[in-house]
Amino acid sequence: MDKLHNILNLLLPPLTISFLVFFYPFYLLIKLVSCLYKNIRFENVAGKVVLITGASSGIGEDINFWGSTYITYFAIPHLRKSKGKIVVITSATAIIPLPSASVYSASKAALLKFFETLRVEISPCIKITIAIPEFISTDMTTQFKEMYGSDFILSESVSKCAKAIFRGIGRGETYIVEPSWIKWIFLIQNVCPEIVDYVLNYIFVRYGKPYFKRD
Ligand SMILES: NC(=O)c1ccc[n+]([C@@H]2O[C@H](COP(=O)([O-])OP(=O)(O)OC[C@H]3O[C@@H](n4cnc5c(N)ncnc54)[C@H](OP(=O)(O)O)[C@@H]3O)[C@@H](O)[C@H]2O)c1
1 MDKLHNILNL LLPPLTISFL VFFYPFYLLI KLVSCLYKNI RFENVAGKVV
51 LITGASSGIG EDINFWGSTY ITYFAIPHLR KSKGKIVVIT SATAIIPLPS
101 ASVYSASKAA LLKFFETLRV EISPCIKITI AIPEFISTDM TTQFKEMYGS
151 DFILSESVSK CAKAIFRGIG RGETYIVEPS WIKWIFLIQN VCPEIVDYVL
201 NYIFVRYGKP YFKRD
């Protein structure tokens, strides 16, 4: 068995790099065509069961996760009957390590992985759209504004975020990241996580140090 792992360790890096060099341009082309198609063919969800979960405030780490998973379990038979949809609100903190939000981020990461795995299990019968917002101007973010001042947080308006999520659901997107520039931070986080760690530490811990209770 160890021999097999050694062979895979040797084979997979060149195979993956060749795959990215040769196949990735085609993949992007397919994504572009599919994006244009989805924009034209906006899905009408009338008559279907649509479960929207995680939309209430991040009211507690346990509820963040179990509140969404239990309700999904009981909704699945109804969703199957009507070929319905699940829309789940997670957070960019599930991917980006935001200081002072470790337990909240862990619950959102659990939610993200749960629904990503469920999507593989129940697709194509039930479609799952995962919304990944960050810094939206709601009551939840006012605490940050109070801490750092109104200019500190680059927050997006609730209406812009809601419209983007609504359009994304109609287009049958698998992920909706809002504001969409956050996707580029995800890419940097995947390729060179140390840079994201350093920048976040600098902004939130060193710059924001006087605002945190550290004991
Ligand atoms: N805001 C952000 O920057 C941000 C970023 C990433 C992810 N999210 C996620 O987006 C979702 C919505 O967050 P939000 O920013 O819209 O939060 P919010 O403005 O604080 O709250 C949204 C709604 O949650 C309901 N709510 C609050 N406490 C509740 C409770 N104990 N039981 C039941 N409902 C309760 C309230 O409904 P009523 O008005 O009816 O009381 C409120 O309108 C959360 O899952 C959050 O984790 C938000």
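Heads up: the sequence shown at position 176 corresponds to 176 in the UniProt record's numbering, and the numbers run straight through without jumps. Each residue gets a CB set at the ideal place from its N, CA and C atoms; glycine is no exception.
Next item on the list: Check Val196 in the structure and name its three-state DSSP category.
Entry: helix
Notebook entry, point to check: So what does Tyr175 bridge to, in DSSP terms?
Noted result: According to DSSP, Tyr175 bridges with Ile130.
Item checked: Tyr73 versus Thr90, Ile89, Thr53, Ile59, residue with shortest Cα-Cα distance -> Thr53
Notebook entry, point to check: Roughly how many angstroms lie between the CA atoms of Val49 and Phe166, to the nearest whole one?
Noted result: Taking the CA atoms as reference points, Val49 sits about 15 Å from Phe166.
Item checked: Lining residues of ligand 1 - beta-carbon closer than 6 Å to any non-hydrogen atom, in sequence order -> Gly54, Ala55, Ser56, Ser57, Gly58, Ile59, Ile89, Ser91, Pro133, Glu134, Phe135, Ile136, Thr138, Asp139, Met140, Thr141
Check: Just how far apart, CA to CA, sit Cys161 and Val87?
Finding: Going from the Cα of Cys161 to the Cα of Val87 covers about 14 Å.
Note to self: Below 8 Å, how does it come out for the segment 76-92 and the segment 105-112: are there three or more Cβ pairs, yes or no?
What the structure shows: yes
Check: Where does Ile203 sit, in a helix, a strand or coil, going by DSSP?
Finding: DSSP places Ile203 in helix when its eight states are reduced to three.
Next item on the list: With a cut-off of 8 Å on the beta carbons, I'd call Leu36 and Leu200 a contact; round off their distance for me.
Entry: Their Cβ separation, rounded to whole angstroms, is 35 Å, which puts Leu36 and Leu200 out of contact at 8 Å.
Margin query: Would Thr129 and Ile176 qualify as a contact pair, given that the criterion is a beta-carbon distance under 8 Å?
Written below: Closer than 8 Å, so yes.
Checklist line | Status (buried if at least 16 other CB within 10 Å, exposed otherwise) for Lys81 | finding: exposed
Check: Of all the beta strand (DSSP E) runs that stay within the bounds of the segment 30-91, which reach a length of 3 or more residues?
Finding: 50-53, 85-89
Notebook entry, point to check: Ordered along the chain, which non-local residues of its own chain (more than five positions away) have a Cβ less than 8 Å from that of Ile195?
Noted result: Ile188.
Next item on the list: Could you tell me which of Gly84, Tyr207, Tyr24, Met1 sits nearest to Glu43, measuring between CA atoms?
Entry: Gly84
Margin query: Is it buried or exposed, Asn190, if we count other Cβ atoms within 10 angstroms and call 16 or more buried?
Written below: exposed
Check: Taking the alpha-carbon positions, what's the Gly172 to Ala131 distance?
Finding: 12 Å
Next item on the list: Output the boundary residues of the alpha helix (DSSP H) element that contains Trp184.
Entry: 182-191 is the span of the alpha helix (DSSP H), which, as asked, contains Trp184.
Check: What are the boundary residues of the alpha helix (DSSP H) that includes Leu118?
Finding: Taken as a continuous stretch (DSSP letters only), the alpha helix (DSSP H) holding Leu118 covers 102-122.
Next item on the list: State the Cα-Cα distance for the pair Trp181 and Ser100, rounded to the nearest angstrom.
Entry: 22 Å
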